[in-house]
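Residues in the sequence shown are numbered consecutively from 162, following this note's numbering.
Where a beta carbon is used, it is the ideal one built from N, C-alpha and C, also for glycine.
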Amino acid sequence: MVSNEKKDAKYNELLKKKIAKLKKKRNAVIIVHNYQRDEIQEIADISGDSLALSQAAVRTDAEVIVFCGVQFMAESASILNPDKKVLLPVTEAGCPLADMITPEKLRAKKRQHPQAAVVCYVNSSAEVKAESDIACTSSNAVEVVRSLKEKQVIFVPDKNLGRYVQKQVPEKEIILWEGFCPTHIRVQEEDIKKAKLAHPKAEVIAHPECNPEVLALSDHICSTGGMFKYVKNSNSNEFIISTENGMLYKLRKDNPGKEFYLPTPHLVCANMKLITLGWVAHSLEEMVYEIKVSGEIRDKAKKTLERMLSVTGEKSGTTISGY
Ligand code: 13P
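Here you go:
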């Protein structure tokens, strides 16, 4: 009897071969966020954090971008690449945090604070980006806010990242939005305390979307791309990783001598995990589902993203996998 695991592995190998062939035929590049399933990370041409992926989308000369991430990421790739076909293999792969703000509500907030600059986290829709002055990711939010001439800043939609930025940039007055990532807020202060007791030598690394109590117990706070760099340069051999579990794939692969622990098993983004090898093959075969932003929304959102890229320059956490 062949075990189910063996059957799955064989099936995955067949799908990977099919994807490789289709990718050549379509002149496509596969761009993958660090939270994707292990087998999707294995087929990545480019993987990284949100900033690195935006930068990669600008640089690629492929005709088709298959975006293995969530809706707002594919949207940003389309905004920055109007001449390319951007495909999201599963249209339902959304971001609940991005859905916690609408352009109407943001316009109302702007009317209350007419002097304030608007910074939107990239985890937002194209319409919200179009209403904002500049975008940011978790790896450049502090730098972006510091670069502004305005003292008052409306920061949307993640309140935890906004609070973290406020601590780093006390000279600004940050007006927070009540949005949060449903995955990151699952880590509680108690989880970190327990994990530290179980692994007293481990360093705690947290994503800034975590609750402030979790961040207060962390040794280092950074984007997913920043975590790879930090771990590589650290003398520690053990790490408690407070972010989505997809991160463990590359952390373990790149650091075979080091140990990684999650503070809770609940750090899983269901949206990120919707994309499977089967859906990637289907996407390339049928050329679906195209994500396209056009007209005035695209022009305005593009300026918002480009302003961010001009502040950040070419610093990036991209990994070219050469699949
Ligand atoms: P990074 O930019 O750190 O990869 O974060 C992406 C994200 O959506 C976190 O929820």
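Residue i - containing beta strand (DSSP E), residue span
i, result
"histidine 345", "Histidine 345 -> no beta strand (DSSP E), and no H or E assigned at all."
"leucine 423", "Element bounds for leucine 423: n/a, residue is neither H nor E."
"lysine 434", "Here lysine 434 belongs to no beta strand (DSSP E), and DSSP marks it neither H nor E."
"glutamate 399", "399 to 403"
"leucine 337", "334 to 337"
CB-CB length for residue i against residue j, believed under 8 Å
i, j, result
"valine 280", "phenylalanine 316", "5 Å"
"isoleucine 436", "proline 250", "5 Å"
"leucine 183", "alanine 377", "About 47 Å; that fails the 8 Å criterion."
"tyrosine 196", "cysteine 383", "In fact, because the Cβ distance is near 15 Å, the residues do not count as touching under 8 Å."
"histidine 368", "serine 299", "6 Å"
"leucine 428", "arginine 347", "6 Å"
"lysine 177", "isoleucine 204", "6 Å"
"valine 449", "leucine 248", "7 Å"
"leucine 322", "alanine 296", "Their Cβ separation, rounded to whole angstroms, is 12 Å, which puts leucine 322 and alanine 296 out of contact at 8 Å."
"proline 318", "isoleucine 262", "4 Å"
"alanine 238", "alanine 259", "Going by Cβ atoms, the distance from alanine 238 to alanine 259 rounds to 15 Å, so no, they are not a contact pair."
Nearest neighbour of residue i, chosen from the options [CA to CA]
i, options, result
"asparagine 284", "Ala217, Ala377, Lys270 and Val231", "Val231"
"lysine 185", "His194, Ile226, Val219 and Glu467", "Ile226"
"lysine 246", "Asp206, Ile335, Ala189 and Thr263", "Ala189"
"alanine 291", "Met448, Cys256 and Ile240", "Ile240"
"glycine 485", "Ser286, Pro373 and Val449", "Coverage of the chain is limited to positions 162 through 484, which leaves residue 485 absent and any answer about it impossible."
"lysine 453", "Ala235, Asp222, Asp415 and Asn173", "Ala235"
"asparagine 242", "Trp440, Lys333, Asp460 and Ser403", "Asp460"
"glutamate 351", "Gln327, Ser379 and Val326", "Ser379"
"glutamine 276", "Asp210, Glu334, Leu409 and Ile191", "Glu334"
"lysine 463", "Ala367, Ser215, Ile180 and Arg347", "Ser215"
"lysine 312", "Ala302, Ser293, Ile336 and Ser299", "Ile336"
"proline 257", "Gly439, Leu466, Thr385 and His345", "His345"
"aspartate 415", "Glu332, Lys393 and Met433", "Lys393"
"leucine 358", "Asn432, Glu467, Pro424 and Lys434", "Pro424"
"glutamine 327", "Met433, Glu304 and Asp260", "Glu304"
"glycine 407", "Met433, Tyr391, Ala213 and Ser395", "Met433"
"serine 444", "Ile191, Gly323, Ser455 and Ser164", "Ile191"
"phenylalanine 389", "Gly209, Val375, Ala278 and Ala296", "Gly209"
"glutamate 405", "Tyr391, Lys167 and Cys371", "Cys371"
"lysine 270", "Glu224, Lys355 and Ser293", "Ser293"
"threonine 465", "Ile366, Gly323, Leu322 and Glu288", "Glu288"
"serine 403", "Pro264, Ala217, Phe233 and Gln349", "Gln349"
"tryptophan 440", "Arg268, Pro373, Ile458 and Glu253", "Glu253"
"aspartate 244", "Lys266, Ser455 and Val472", "Ser455"
"proline 426", "Ile458, Ala356 and Lys419", "Ala356"
Residue i: first and last residue of the uninterrupted alpha helix (DSSP H) it sits in
i, result
"histidine 443", "438 to 447"
"valine 231", "From DSSP, valine 231 is part of no alpha helix (DSSP H); its letter is neither H nor E."
"tyrosine 391", "385 to 394"
"glutamine 327", "320 to 329"
"glycine 209", "First-last for glycine 209: 207 to 209, but that is the beta strand (DSSP E), not the alpha helix (DSSP H)."
"lysine 125", "Beyond the ends of the chain as shown, which are 162 and 484, falls residue 125; an answer cannot be given."
"glutamate 374", "373 to 377"
"glutamine 202", "199 to 203"
Distance cut-off 6 Å: residue i Cβ against heavy atoms of the ligand 13P
i, result
"aspartate 210", "yes"
"glutamate 370", "yes"
"cysteine 342", "yes"
"serine 286", "no"
"threonine 385", "yes"
"threonine 425", "no"
"serine 299", "yes"
Any chain D beta carbon closer than 7 Å to residue i
i, result
"valine 193", "Any reference to chain D falls outside this structure, which holds one protein chain only."
7 Å CB neighbourhood of residue i in its chain, flanking five on each side removed
i, result
"arginine 307", "Val330"
"glutamate 339", "Lys320"
"aspartate 199", "Tyr410"
"tyrosine 325", "Pro369, Leu376 and Ile382"
"tyrosine 391", "Ile366, His381 and Cys383"
6 Å Cβ shell around residue i - same chain, five flanking residues per side excluded
i, result
"leucine 409", "Phe421"
"glutamate 364", "Asp380, Ser397 and Phe400"
"tyrosine 484", "Unreliable placement is indicated for tyrosine 484, whose pLDDT of 29 sits below 50; the coordinate value is still reported in the next sentence. Cβ within range, chain order: Ile204 and Asp206."
"serine 211", "Val283 and Thr298"
"arginine 187", "Val225 and Leu445"
"alanine 223", "Asn188, Ala189 and Val190"
"proline 343", "Pro257"
Own chain residues within Cβ distance below 8 Å of residue i, not counting five before or after
i, result
"valine 314", "Ala277, Ala278, Val279, Val280, Val306, Lys333, Glu334, Ile335 and Ile336"
"leucine 438", "Asn173, Leu176, Lys177, Ile180, Glu200, Ile201 and Ile204"
"proline 264", "Ser286, Glu288, Val289, Ala291 and Glu292"
"alanine 170", "none"
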